[in-house]
Structure formats: structure tokens, C-alpha cells
Amino acid sequence: MKLSKQLKQQSAYYKDLIKFFIVVILTIIIPMILAFFAILIKMASGVYISVS
């Protein structure tokens, strides 16, 4: 009985940890990826314009 309670607490802790990681990924990594793609598109369009 005691063990299952500990396991429940642990799984709740891991769920919170996973939620935290998801929030971090959404707030930091996705904007970085979007900025990276924006820079790539700007560079590509700049090259395309200068070539044509």
C-alpha cells in the first residue's frame, strides 16, 4: 500500500517534469526554429533576387 502511494507521487512528479519540459520547448525551441527558418528564407530569397 505504501509503495503504490510512493509510485503515484513519483508519477505525478514526472508528469509535472514532462509538462515543464514541454513548456520550455514551446517557449524557447520553437521560436528559435522559426527564427532560423526566417533567416534561411531571407537568405534564399536574397540569393534568388541577386541571381535573377
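For the sequence shown, the numbering used here assigns the number -3 to the initial residue and increments by one for each residue that follows.
We put the beta carbon where it would ideally sit given N, CA and C, even for glycine.
- Message: What does the alpha-carbon distance come out to for the pair F33 and I21?
- Response: Spanning the two alpha carbons is a distance of roughly 17 Å.
- Message: Rounding to the nearest angstrom, what Cα-Cα distance links M39 and I45 in this structure?
- Response: Going by the C-alpha atoms only, they are around 10 Å apart.
- Do you know offhand how far G42's Cα is from M28's? One C-alpha to the other measures close to 21 Å.
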